[in-house]
Amino acid sequence: MRLRLDAYQRGRLVVCGQAGIIGAFRSNTFTVSPMIFPEIHEFLGCRTPDAWVQAALADQETLLIDHKNCEFKAASTALSLIAKYHSHVDLINMMSRLAREELVHHEQVMRLMKRRKIELRQLHAGRYASSLRKVVRSHEPVKLVDTLVVGAFIEARSCERFEALVPHLDEELGKFYFGLLKSEARHFQGYLKLAYQYGDAKDVAQVIERVRAAEQELIESPDEEFRFHSGVPATA
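The numbering of the sequence shown is the numbering used here, which starts it at 641 and goes up by one.
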């Protein structure tokens, strides 16, 4: 199934409201319906492989450290877009809000790590984001459009991975990740809406298909390193 592109162009992407999300949480048990964010599942080319979920559960220290790094990078990306596209008012407004929210998430992950006595350590980036950036065209205005589409995929995958992890986590981490679902879905929506605002609809649709194929390959192919957005563990 492919998404109805007119829904994105008009900014009518439907995501579950907070009441609906909390309604899926019961006591110490997390039940996340696979259709909480149907638009995101349709947008992505594949689901997270179970082998990645098992690797994440087995190495939650690396998961949290890389998650912290991802939140910081997301804020940095938003700020860099503000600096580069200083005449794009709607982009500036959205990215300013997004950067603040991502930094709050960064701080929240750090506090959670402290409670779990997880020490900060250097962890170099995986292949995911840098590989997706290779599909971005080098000339404007399509460079911006491609960058926004890549951002939409990163946010969509983040949401999907939180959703995949939540049912298997302890109460504290599960509740925290559960609470991030709505914001990641909203960021996905914002990136995609801006892509259609600043780009030609037909071209954006083609970019989505191109990035979707590249993203799916990264998620489903063997990966030597475990990271939040890594592929199938090579040892699986």
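Just so it is clear, CB atoms sit at the ideal spot from N, CA and C, and this is done for glycine as well.
Using the Cα positions of residue i and residue j, report the straight-line distance between them to the nearest angstrom.
{"i": "H869", "j": "G766", "result": "8 Å"}
{"i": "L589", "j": "L719", "result": "The displayed coordinates of the chain run from 641 to 876. Any statement about residue 589 would go beyond what the structure contains."}
{"i": "F793", "j": "I732", "result": "20 Å"}
{"i": "I778", "j": "Y725", "result": "For clarity, residue 778 is Ser in the given sequence; the question names Ile instead. Computed Cα separation, rounded: 15 Å."}
{"i": "T702", "j": "L809", "result": "15 Å"}
{"i": "N668", "j": "R867", "result": "Low confidence applies here, because N668 scores a pLDDT of 45, under 50, leaving its location unreliable and the question unanswered by this model."}
{"i": "A715", "j": "G814", "result": "23 Å"}
With distance defined between alpha-carbon atoms, name the residue in the options nearest to residue i.
{"i": "V776", "options": "Q762, I848, F712, D730", "result": "I848"}
{"i": "L743", "options": "L772, V729, H707", "result": "H707"}
{"i": "V782", "options": "L719, D840, R850", "result": "D840"}
{"i": "Y817", "options": "S736, K774, Q837, L704", "result": "L704"}
{"i": "E812", "options": "Y768, L752, D690", "result": "L752"}
{"i": "H681", "options": "A691, R797, S778", "result": "R797"}
{"i": "E857", "options": "S778, Y768, E780", "result": "Y768"}
{"i": "V693", "options": "L721, E800, A714", "result": "E800"}
{"i": "P678", "options": "Q762, E865, F828, N709", "result": "F828"}
{"i": "R826", "options": "T875, V729, Y838, L738", "result": "L738"}
{"i": "D730", "options": "T875, A853, A845, Y836", "result": "Y836"}
Identify the continuous alpha helix (DSSP H) that holds residue i and give its terminal residues.
{"i": "F712", "result": "700-724"}
{"i": "P678", "result": "678-683"}
{"i": "E795", "result": "782-805"}
{"i": "S727", "result": "S727 -> no alpha helix (DSSP H), and no H or E assigned at all."}
{"i": "L760", "result": "From DSSP, L760 is part of no alpha helix (DSSP H); its letter is neither H nor E."}
{"i": "L772", "result": "768-773"}
Anyone know if the C-beta pair for residue i and residue j falls short of 8 Å?
{"i": "L834", "j": "L805", "result": "no"}
{"i": "G791", "j": "T717", "result": "yes"}
{"i": "E824", "j": "E855", "result": "no"}
{"i": "F712", "j": "H764", "result": "no"}
{"i": "D843", "j": "V749", "result": "no"}
{"i": "V872", "j": "L772", "result": "no"}
Cβ of residue i less than 8 Å from any chain D Cβ?
{"i": "E800", "result": "Looking for chain D here will not work: only one protein chain is present."}
- Message: Report the start-end ranges of each alpha helix (DSSP H) in the region 823-871 that is 4 residues or longer and not cut off at the edges.
- Response: 841-860
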